[in-house]
Amino acid sequence: MPRESGEAFMTMNTRIRNIDFELPSTDGHFQELSKRLVESPVLLIFFKHDCPTCEFTLPYLERIYSRYGDSKAAFWAIAQDTESEAARFSEEHGISYEVLLDRKPYEVSRKFDINIVPTVVLLDRDGSEISRFAGFQKAELEKLNYILAGLDNGTKPLFTASDDVPAVKPG
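Going left to right, the sequence shown walks through residues -13 to 157 as the numbering used here numbers them.
Okay, structure coming up:
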C-alpha cells in the first residue's frame, strides 16, 4: 500500500534509529552504521567461519567488491565469530573488504533478523533495504552486481560459463 511522503520519511528515520550499530573490526577500529550511511549505501554480509555456504558465497561477493571497491557501497562482512576466527576466515578466502565482529549475544544480527548465514543485506543511504537474501543464490548475487553497477551497459555478468555453481545453496 502506498504511503504518504511524510509517513515514509518517518518510517525511514525510525528504521535508521532501530538498526544503527557500532561494531569493532578485525583491525581494531570501530564502524558506525549511521555515520557510514551518510556517505554511501552499505552492504552487510553476515557470516560464520565454520559455515560451508559462507565459504562458497563470500568469494563471489569479493569478486563484486573487486569490481567496484567502496565506490558504490561500503562492504562490511559481519562475523558471528571471535576476532581470530573471523581474521583467519578472511585471510583464507581472500576477503579484502572490512570484517566487523558481532559477538554473542549477536545484537546486530538480531536487529536485522538474521537466522541463516550467509545473509546479505544492501542498505540505501536512508537505511531502507534495497536487497536481502540468505544462502547462496546465483540470481540474487547477479542482481546485486547489477544494482551496484547502476545497471550500466558496461556491466559484466558476475558468473561466467566456467563457473560451475548451483542456482541455490541454502545456508
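Glycine included, each C-beta is placed from N, C-alpha and C at the ideal position.
Closest by C-alpha distance to residue i, when choosing among the options
| i | options | result |
| --- | --- | --- |
| tyrosine 54 | Gly136, Thr12, Lys155 and Thr43 | Gly136 |
| isoleucine 100 | Val24, Ser52, Ser76 and Phe33 | Phe33 |
| proline 156 | Glu18, Gln17, Pro104 and Ser52 | Pro104 |
| aspartate 59 | Tyr92, Ser95, Pro91 and Val106 | Note that residue 59 is alanine in the sequence shown here, rather than aspartate. It is Val106 whose Cα lies nearest to the Cα of alanine 59. |
| serine 20 | Thr12, Leu47 and Asp6 | Asp6 |
| leucine 30 | Tyr132, Glu115 and Phe145 | Glu115 |
| phenylalanine 75 | Leu87, Tyr132 and His35 | His35 |
| aspartate 162 | Lys90, Tyr51, Tyr46 and Asp56 | Nothing in the structure corresponds to residue 162, since the chain is present only between -13 and 157. |
| glutamate 71 | Glu41, Asp56 and Val28 | Glu41 |
| serine 57 | Phe145, Ile133, Thr43 and Leu144 | Ile133 |
| leucine 130 | Ser26, Ile50 and Leu9 | Ile50 |
| leucine 9 | Glu126, Glu25 and Ala63 | Ala63 |
| alanine 73 | Gly14, Glu126 and Tyr92 | Gly14 |
| alanine 125 | Thr43, Ser95, Glu25 and Val94 | Thr43 |
Residue i in three-state terms, based on DSSP
| i | result |
| --- | --- |
| alanine 73 | helix |
| serine 148 | coil |
| lysine 155 | strand |
| phenylalanine 7 | coil |
| methionine -4 | For methionine -4, the predicted structure reports a pLDDT of 37, less than 50, and the residue's modelled location is therefore unreliable. A value from the coordinates is still provided. Three-state DSSP puts methionine -4 in a helix. |
Proximal residues to residue i (C-beta, below 6 Å), its chain only, five neighbours per side dropped
| i | result |
| --- | --- |
| valine 154 | Gln123 |
| proline 152 | none |
| phenylalanine 61 | Leu29, Tyr51 and Tyr83 |
| arginine 89 | none |
Nonlocal neighbours in the same chain, by C-beta distance under 8 Å from residue i, ignoring five residues either side
| i | result |
| --- | --- |
| serine 11 | Gln17, Glu84, Val85, Leu86 and Leu87 |
| threonine 39 | Val103, Pro104, Gly121, Phe122, Lys155, Pro156 and Gly157 |
| lysine 97 | Asn4, Ile5 and Phe7 |
Cut-off 7 Å between Cβ atoms - residues of its own chain near residue i, not counting five sequence neighbours on either side
| i | result |
| --- | --- |
| proline 91 | none |
### Query
With contact counted as at least three CB pairs below 8 Å, one residue from each stretch, are the segment 109 to 119 and the segment 65 to 79 in contact?
no
### Query
Taking only runs of the beta strand (DSSP E) that begin and end inside the segment 71 to 144, which ones reach a length of at least 3 residues, in chain order?
84 to 87, 105 to 109 and 115 to 120
### Query
Quick check: the segment 80 to 89 against the segment 105 to 115, are there 3 or more CB pairs under 8 Å?
no
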